[in-house]
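Below: one structure, written as C-alpha cells.
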Amino acid sequence: MSPGNMFKLALFGATAREATSSKPAYSKLRAEGIEVVAVDLDLPDADIARRLQGQDIVIASVPPNALEGQLPLIRAARLANVKRFVPSSFAMAIAAGGVCGVQDAKEKVYTTLAASGVPYTIIDVGWWYNGFIPVLPSGRTASVIAAPEFIKNLVPGDGTMKTHVIDQDDLGKIVALAIVDPRTLNQRVMASSVALSFNEIFGIVESLTGEKPARKYVSFLSTVIPRFPDSLQVSAQELQQMIAEYKTISQRNPQDYLAFVRATWLEYYYSSFINGDNSPEGVRRLGYLVATDLYPDFEAGSFETFLSETLNNQRRVPYSDRF
14 MSPGNMFKLA
24 LFGATAREAT
34 SSKPAYSKLR
44 AEGIEVVAVD
54 LDLPDADIAR
64 RLQGQDIVIA
74 SVPPNALEGQ
84 LPLIRAARLA
94 NVKRFVPSSF
104 AMAIAAGGVC
114 GVQDAKEKVY
124 TTLAASGVPY
134 TIIDVGWWYN
144 GFIPVLPSGR
154 TASVIAAPEF
164 IKNLVPGDGT
174 MKTHVIDQDD
184 LGKIVALAIV
194 DPRTLNQRVM
204 ASSVALSFNE
214 IFGIVESLTG
224 EKPARKYVSF
234 LSTVIPRFPD
244 SLQVSAQELQ
254 QMIAEYKTIS
264 QRNPQDYLAF
274 VRATWLEYYY
284 SSFINGDNSP
294 EGVRRLGYLV
304 ATDLYPDFEA
314 GSFETFLSET
324 LNNQRRVPYS
334 DRF
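Everything in the sequence shown is counted per this note's numbering, starting at 14 for the first residue and increasing by one.
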C-alpha cells in the first residue's frame with residue numbers, strides 16, 4: 014500500500030491556510046504521496062468530520078498552550094467514526110494534580126476523549142536523548158545541544174533518579190506499533206525502553222569524550238542568581254523557586270511564551286527527577302503499558318550510540334530543518 018493510501022496530514026486551527034501547507038516540509042510530504050490539507054477548527058463539527066472521513070486513526074499534535082484545540086477534533090472524530098484517536102502527549106509520564114500545570118490541561122482533554130466514546134491511545138515517550146547532551150569544557154558539544162540555555166547542565170536533586178529516555182529515531186517506530194496494537198486501545202503507553210539517571214548519562218559522556226561536563230550558574234532570564242551553587246545539582250526547593258519565578262513572569266505577561274515554556278520545562282524536571290513520575294516505578298504506578306513489555310524484540314537505540322553518532326556529525330539537532 015502506498016503512503017498516499019495510508020496517511021493524510023491535516024493542518025488544523027483557526028488560522029490554518031493553504032499557504033501554511035505550502036511550506037517546504039509539507040511539500041516534501043506531498044512528494045512522498047501524503048495528502049496535506051488545511052482545516053479550520055472554527056468550522057462546524059460536521060464540516061471537520063468530513064475531512065476525517067475514511068481515516069482510521071487521528072493523531073493530534075498541538076503545543077502545550079493550545080491543548081483545548083483538540084476538543085472540536087475529538088467531536089468530529091466521533092462523527093466520522095474514527096477507530097482510534099491519539100491525543101497530543103508524546104512527553105513524559107506525569108502525575109495528574111501534581112506540580113505540572115500542563116498535565117492537568119492534558120488530563121481534561123483525556124477525560125473528554127474517554128467520555129466521547131472514541132477509542133483512544135495515549136502515548137508518552139519520555140525525554141529525548143537530545144535534551145541531555147551537556148556543555149563540555151572544550152565546547153565540542155555546543156552545536157548539538159538541544160536544551161535551552163537556562164537549563165544546560167542543570168541536574169535536579171542528587172542525580173540518581175532514573176527517568177525514561179528515548180532516541181528520537183525510535184519514536185516513529187514505536188508509535189507505528191502502538192497505534193495498531195489492540196492491547197493499547199483505551200490505554201496509556203510509555204514508548205521509551207530505556208531508563209537512565211543524570212549521573213549515568215554524564216558518566217557515559219565522560220567515558221566517550223574524556224571530559225567532565227562544565228559547571229555553570231543558573232540564570233533567570235538575563236540575571237545570574239548567585240545564591241544557586243556553581244555546580245551541577247539543584248535542590249527540590251531551588252527548583253520550586255525557579256518555577257515560581259517563571260510562573261510569575263508568565264502570569265504578568267501572558268504573551269511571554271518563553272517564560273511559560275521555562276516554567277513548564279522546570280515543572281517537567283520536578284515531576285521526573287524529584288517526584289519520579291517518569292521513572293520505571295513511576296510509570297507503572299501511573300498505569301502505563303511499557304514498550305519493553307509490549308514489544309520485547311524491539312531494539313532501542315542506546316544513549317552511547319546516539320552520543321557517538323552525534324559527536325561524529327551523524328545526527329542533527331531536533332527541528333533544525335523544520336519547515
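Ideal placement from N, C-alpha and C gives every residue a C-beta, glycine not left out.
Every value quoted in this text rests on a predicted model; they were computed, and no experiment measured them.
Excluding the 5 residues flanking residue 329 on each side, which residues of the same chain have their C-beta closer than 7 Å to its C-beta?
If you number the sequence shown from 1, residue 329 lands on position 316. Closer than 7 Å at the Cβ level, and outside the excluded window around residue 329, lies no residue.
At the level of alpha carbons, what is the spacing between residue 285 and residue 304?
The residue given as residue 285 occupies position 272 in the sequence shown. The residue given as residue 304 occupies position 291 in the sequence shown. Approximately 18 Å, taken between the alpha carbons.
Which same chain residues end up closer than 7 Å to residue 190 when comparing Cβ atoms and leaving out the 5 residues on each side of it in sequence?
Working through the sequence shown from its first residue, we reach residue 190 at position 177. 308, listed in sequence order.
DSSP three-state call for residue 286: helix, strand or coil?
Walking along the sequence shown from the start, residue 286 turns up at place 273. Helix, per DSSP.
Can you give me the Cβ contacts of residue 331 inside the same chain, cut-off strictly under 8 Å, excluding the 5 residues immediately before and after it?
The residue labelled residue 331 in the question sits at position 318 within the sequence shown. So the list reads 141, 143, 159 and 181, once near-sequence residues are dropped.
Tell me which same chain residues have a C-beta within less than 6 Å of the C-beta of residue 319, skipping the five on either side of it?
As a first step, residue 319 is located in the sequence shown; it is residue number 306 there, counting from the start. Excluding positions up to five away in sequence, the list reads 142 and 180.
Buried or exposed for residue 300, going by 16 or more other Cβ atoms inside 10 Å?
Walking along the sequence shown from the start, residue 300 turns up at place 287. Exposed is the call here.
Taking DSSP as the reference, what is the three-state secondary structure of residue 328?
Along the sequence shown, read from residue 1 onward, the residue named residue 328 stands at position 315. In this structure, residue 328 counts as coil in the three-state DSSP scheme.
For residue 200 and residue 279, what's the separation of their Cα atoms in angstroms?
Locating residue 200 in the sequence shown gives position 187, where the first residue counts as 1. Locating residue 279 in the sequence shown gives position 266, where the first residue counts as 1. Their backbone Cα atoms lie some 27 Å apart in a straight line.
Check each candidate in 98, 138 and 127 and name the one with the smallest Cα separation from residue 107.
Numbered from 1 along the sequence shown, position 94 holds the residue referred to as residue 107. Closest by alpha carbon: 138.
Out of 170, 184 and 58, which has the shortest C-alpha to C-alpha gap to residue 207?
Sequence index remark: in the sequence shown, residue 207 carries index 194 (1-based). Of the listed residues, the one whose Cα sits closest to residue 207 is 184.
What residue range is occupied by the uninterrupted beta strand (DSSP E) comprising residue 200?
On the sequence shown, position 187 is the one that residue 200 refers to. Its beta strand (DSSP E) spans residues 200-203.
With distances taken Cα to Cα, identify the nearest neighbour of residue 169 among 74, 289, 44 and 48.
For this step, residue 169 is matched to residue 156 along the sequence shown. Among 74, 289, 44 and 48, the Cα nearest to that of residue 169 belongs to 289.
With a 10 Å radius around its C-beta and 16 neighbouring C-beta atoms as the bar for buried, classify residue 59 as buried or exposed.
Translated into the one-based positions of the sequence shown, residue 59 becomes position 46. By the 10 Å Cβ count, residue 59 comes out exposed.
Taking the DSSP output, what are the residues bridged to residue 140?
Within the sequence shown, residue 140 is the residue found at index 127, counting from 1. Residue 140 is bridged to 178.
Bridge partners of residue 208, per DSSP?
Counted from its first residue, the sequence shown places residue 208 at position 195. Answer by DSSP bridge pairing, in chain order: 177.
Are residue 178 and residue 156 closer than 8 Å when you measure CB to CB?
Here residue 178 refers to the residue found at position 165 when the sequence shown is read from its first residue. Here residue 156 refers to the residue found at position 143 when the sequence shown is read from its first residue. Not in contact: residue 178 and residue 156 (Cβ atoms no closer than 8 Å).
If you follow the alpha helix (DSSP H) that residue 84 is in, where does it begin and where does it stop?
By 1-based counting over the sequence shown, the position of residue 84 is 71. Residues 84-92.
Name the one or two DSSP bridge partners that residue 145 has.
If you number the sequence shown from 1, residue 145 lands on position 132. Paired residue(s): none; residue 145 is not in a bridge.
Which of the three DSSP states is assigned to residue 167 in this structure?
Your numbering for residue 167 matches position 154 in the sequence shown. In this structure, residue 167 counts as coil in the three-state DSSP scheme.
Thinking C-beta only, is residue 65 closer than 8 Å to residue 90?
Taking the sequence shown and counting its residues from 1, one reaches residue 90 at position 77. Taking the sequence shown and counting its residues from 1, one reaches residue 65 at position 52. In this structure, residue 65 lies closer than 8 Å to residue 90 by Cβ.
Find out if the Cβ-Cβ distance for the pair residue 80, residue 119 is shorter than 8 Å.
The residue you call residue 80 lines up with position 67 of the sequence shown. The residue you call residue 119 lines up with position 106 of the sequence shown. Yes, these two residues count as a Cβ contact at 8 Å.
Could you tell me the boundaries of the alpha helix (DSSP H) in which residue 302 lies?
Numbered from 1 along the sequence shown, position 289 holds the residue referred to as residue 302. Segment 301-303 is the beta strand (DSSP E) holding residue 302; no alpha helix (DSSP H) there.
Cβ of residue 61 within 8 Å of Cβ of residue 99?
To locate residue 61, count along the sequence shown from 1; it is residue 48. To locate residue 99, count along the sequence shown from 1; it is residue 86. Cβ atoms of residue 61 and residue 99: not closer than 8 Å.
Output needed for residue 211: all residues of its chain with C-beta closer than 6 Å, excluding positions within five of it in sequence on either side, in chain order.
If you number the sequence shown from 1, residue 211 lands on position 198. Cβ neighbours of residue 211 beyond the five flanking positions: 168 and 172.
Would you mind reading off the limits of the beta strand (DSSP E) that contains residue 97?
Residue 97 sits at position 84 when you count from the first residue of the sequence shown. Looking at the DSSP string, the run of the beta strand (DSSP E) that includes residue 97 is 97-99.
Give me, in chain order, the residues of the same chain whose beta-carbon lies closer than 8 Å to that of residue 146; leave out the 5 immediate sequence neighbours on both sides.
Taking the sequence shown and counting its residues from 1, one reaches residue 146 at position 133. Counting only Cβ-Cβ distances below 8 Å, and skipping sequence neighbours, we find 154, 157, 158, 159, 160, 218, 320 and 323.
Report buried or exposed for residue 116, applying the criterion of at least 16 other Cβ atoms within 10 angstroms of its Cβ.
The count along the sequence shown starts at 1 and reaches residue 116 at position 103. Under this definition residue 116 is a buried residue.
Determine the extent of the beta strand (DSSP E) in which residue 13 is found, giving its start and end residues.
The structure shown has nothing for residue 13, since the chain only spans 14 to 336.
Is the beta carbon of residue 50 sitting closer than 8 Å to the one on residue 87?
Translated into the one-based positions of the sequence shown, residue 50 becomes position 37. Translated into the one-based positions of the sequence shown, residue 87 becomes position 74. No; because the gap between Cβ atoms is not below 8 Å, this pair is not in contact.
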